[in-house]
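Encoded structure:
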């Protein structure tokens with residue numbers, strides 16, 4: 386998931402080293418107590434500017450963001466409307482909230498509207514969706530969701546874990562991609578993917594962020610991000626903004642790979658991003674193909690049940706800006722050959 390390939394960048398490593406030299410390795414406390422340094426506040430201001438919101442607050446992990454935000458903002462009589470393929474952290478947050486959870490079919494606006502019609506108009510309604518779905522690689526239909534949210538007086542939260550650094554102006558995410566920043570109430574992101582570190586954040590109106598500072602249990606009862614992690618994110622954002630060619634190259638690689646797989650007859654679903662699912666729809670074959678590719682020097686991730694339904698098992702092909710076309714020309718033919726060897730796709734017919 387290191388979409389920009391920054392985890393070994395010299396500038397980021399140097400920033401982490403300098404932070405350790407200045408602040409040590411840990412704050413040894415939560416943000417609620419003694420775990421806030423000046424660099425935490427500086428990063429939060431930068432993140433708020435990045436995604437176009439009033440304020441932001443950082444958590445130790447992305448998972449903690451979703452469970453802490455959702456459980457703090459919604460209660461027993463409120464409604465959470467979730468895409469059926471939302472990340473597990475969103476699901477866990479909904480369970481901790483004790484809200485009424487209504488799941489709609491993946492990226493299906495008719496299904497979402499049918500669920501919104503079931504909600505009590507007087508109660509809080511929060512629609513929570515992934516910006517880019519982590520296994521499928523497709524982008525959420527945010528304009529349609531915003532339209533429905535306005536129609537039914539609902540709020541919208543977008544999980545941009547896989548969208549930051551990939552889509553939007555200079556990698557600013559899904560709301561930026563659709564030019565809908567002012568229409569989205571909450572933008573969540575993580576640092577462990579494009580931003581080469583560990584942690585996560587939530588951004589929104591200043592009053593909401595202040596409320597979360599004093600009510601989000603996963604923030605209050607967890608140690609804060611380490612100084613090295615904070616400094617790494619700070620440096621990664623600077624690189625992401627100043628080197629747009631990284632994102633441009635990532636997308637050139639994406640289109641090249643998608644076209645090659647589709648031409649070979651491999652089912653890539655509705656992916657339109659650097660996350661390219663190569664559907665096998667058989668758990669055993671997915672593991673066999675993964676082993677074969679590892680033997681051939683190609684690293685991919687098998688995704689099988691229970692992570693996905695058995696009929697949706699796949700190989701997850703994920704690109705980074707540091708990959709080259711030469712590397713793709715080596716890897717893709719090996720993947721196609723493995724899919725043919727295990728009868729996932731047919732070999733080309735030989736004409737007489």
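Residue numbers (this note's numbering): 386 to 737.
No residue lacks a Cβ here, since even glycine has one placed at the ideal position from N, Cα and C.
Beta carbon of residue i nearer than 8 Å to that of residue j
{"i": "residue 446", "j": "residue 583", "result": "yes"}
{"i": "residue 733", "j": "residue 408", "result": "no"}
{"i": "residue 463", "j": "residue 484", "result": "yes"}
{"i": "residue 544", "j": "residue 451", "result": "yes"}
{"i": "residue 555", "j": "residue 400", "result": "no"}
{"i": "residue 648", "j": "residue 727", "result": "no"}
{"i": "residue 436", "j": "residue 550", "result": "no"}
{"i": "residue 602", "j": "residue 453", "result": "yes"}
{"i": "residue 678", "j": "residue 723", "result": "yes"}
{"i": "residue 622", "j": "residue 431", "result": "yes"}
{"i": "residue 660", "j": "residue 701", "result": "yes"}
{"i": "residue 703", "j": "residue 386", "result": "yes"}
{"i": "residue 562", "j": "residue 553", "result": "yes"}
{"i": "residue 575", "j": "residue 585", "result": "yes"}
Residue burial classification, residue i (beta-carbon count within 10 angstroms, cutoff 16)
{"i": "residue 578", "result": "buried"}
{"i": "residue 696", "result": "exposed"}
{"i": "residue 518", "result": "buried"}
{"i": "residue 515", "result": "buried"}
{"i": "residue 404", "result": "buried"}
{"i": "residue 720", "result": "buried"}
{"i": "residue 391", "result": "buried"}
{"i": "residue 438", "result": "buried"}
{"i": "residue 471", "result": "buried"}
{"i": "residue 501", "result": "buried"}
{"i": "residue 535", "result": "exposed"}
{"i": "residue 468", "result": "buried"}
{"i": "residue 709", "result": "exposed"}
{"i": "residue 731", "result": "exposed"}
{"i": "residue 737", "result": "Caution applies to residue 737, whose pLDDT of 44 falls short of 50 and renders its modelled position unreliable; the value that the coordinates give is listed next. Counting Cβ neighbours within 10 Å, residue 737 comes out exposed, since fewer than 16 surround it."}
{"i": "residue 513", "result": "buried"}
{"i": "residue 388", "result": "buried"}
{"i": "residue 735", "result": "With a pLDDT of only 49 at residue 735, under 50, the local geometry of the prediction cannot be trusted, and no value is derived from it."}
{"i": "residue 653", "result": "buried"}
{"i": "residue 487", "result": "buried"}
{"i": "residue 634", "result": "buried"}
{"i": "residue 461", "result": "exposed"}
{"i": "residue 690", "result": "exposed"}
Cβ-Cβ separation, residue j to residue i (assumed contact under 8 Å), whole Å
{"i": "residue 609", "j": "residue 412", "result": "5 Å"}
{"i": "residue 482", "j": "residue 504", "result": "Wrong, their Cβ atoms sit about 15 Å apart, outside the cutoff."}
{"i": "residue 665", "j": "residue 698", "result": "5 Å"}
{"i": "residue 442", "j": "residue 587", "result": "6 Å"}
{"i": "residue 444", "j": "residue 580", "result": "At roughly 14 Å, the Cβ-Cβ gap does not stay under 8 Å, so residue 444 and residue 580 are not in contact."}
{"i": "residue 597", "j": "residue 433", "result": "So it is not a contact: roughly 13 Å between Cβ atoms."}
{"i": "residue 565", "j": "residue 531", "result": "6 Å"}
{"i": "residue 465", "j": "residue 455", "result": "7 Å"}
8 Å Cβ cutoff, residue i in contact with chain C
{"i": "residue 574", "result": "In the displayed structure, chain C is absent; only one protein chain is listed."}
Near the ligand PLP: residue i beta-carbon under 7 Å from a heavy atom
{"i": "residue 492", "result": "In the structure on display, the ligand PLP does not appear, and there are no ligands present to speak of."}
Discussion item. Threshold first: 4 residues or longer. Then list the alpha helix (DSSP H) segments lying entirely within the region 436 to 480, N to C.
Written reply: 447 to 458
Worksheet item: Can we say the region 416 to 430 touches the region 595 to 609, given the rule of at least three CB pairs closer than 8 Å?
Response: yes
Discussion item. Pairs of beta-carbons, one from the region 484 to 494 and one from the region 521 to 535, closer than 8 Å: are there three or more?
Written reply: yes
Fill in: In chain order, each beta strand (DSSP E) run of at least 3 residues that lies wholly inside the region 554 to 586
571 to 575
Practice prompt. Inspect the CB distances between the region 528 to 548 and the region 563 to 574 and report whether three or more fall short of 8 Å.
Written response: yes
Worksheet item: With contact counted as at least three CB pairs below 8 Å, one residue from each stretch, are the region 630 to 644 and the region 504 to 512 in contact?
Response: no
Worksheet item: Which runs of the beta strand (DSSP E), 3 residues or longer, sit entirely within the region 506 to 531?
Response: 510 to 515
Item to complete: Note down, one range per segment and in chain order, each alpha helix (DSSP H) of at least 4 residues found wholly within the region 582 to 617.
Response: 591 to 600, 602 to 605
Fill in: Residue ranges of each alpha helix (DSSP H) within the region 394 to 429, 4 or longer
395 to 408
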